[in-house]
């Protein structure tokens, strides 16, 4: 009886990890093109610092674009495009539709003029502060439940 109760509790935790209860996702919102001259507030050349920004709710009036997840767009020119270094631009904001229809992934490519682009989509709070490289809570919960189930059965 205790094993059934434990497995049921684990299943509930797993299912609730996928559900957002009445709140919208919070994302960082900035663009390199809006930075004052000689400043890098959005993290195009330096590391993005969460301390200098406040994440906004995507369905609030503060959001430039309402949505249900976050996105980060990076664009970079080939070497020597402007002066000796590379031109780079970063945009962080809320999004409502991903090109691929999925979040938790990054897409990339090269425009005809040689500019490299990368778009990353995610659905956790403040997840557009860095490149996506971790496992989601849902996936970690699934792995934990599967391993636990295999060891107990």
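In the numbering used here, the protein residues as written are -19 to 133. Here a beta-carbon is modelled for each residue, glycine too, at the ideal position from N, C-alpha and C.
Taking residue i as the reference, give the member of the options with the closest Cα.
i           : options        : result
residue 135 : 17, 18, 22, 69 : Lying before the first or after the last residue shown, residue 135 is absent from the chain, which here runs from -19 to 133.
residue 106 : 18, 75, 92     : 75
residue 91  : 55, 85, 109    : 55
residue 53  : 16, 89, 5      : 89
residue 40  : 100, 6, 84     : 6
Assuming contact is defined by CB atoms lying nearer than 8 Å, are residue i and residue j in contact in what I supplied?
i          : j           : result
residue 25 : residue 68  : yes
residue 28 : residue 103 : no
residue 87 : residue 51  : no
residue 94 : residue 46  : no
Could you spell out the range, first to last residue, of the beta strand (DSSP E) harbouring residue i?
i          : result
residue 85 : 85 to 90
residue 30 : No beta strand (DSSP E) holds residue 30; DSSP gives it neither H nor E.
residue 75 : 68 to 75
residue 98 : 96 to 102
residue 54 : 49 to 56
Is residue i helix, strand or coil by DSSP?
i           : result
residue 107 : helix
residue 42  : coil
residue 19  : coil
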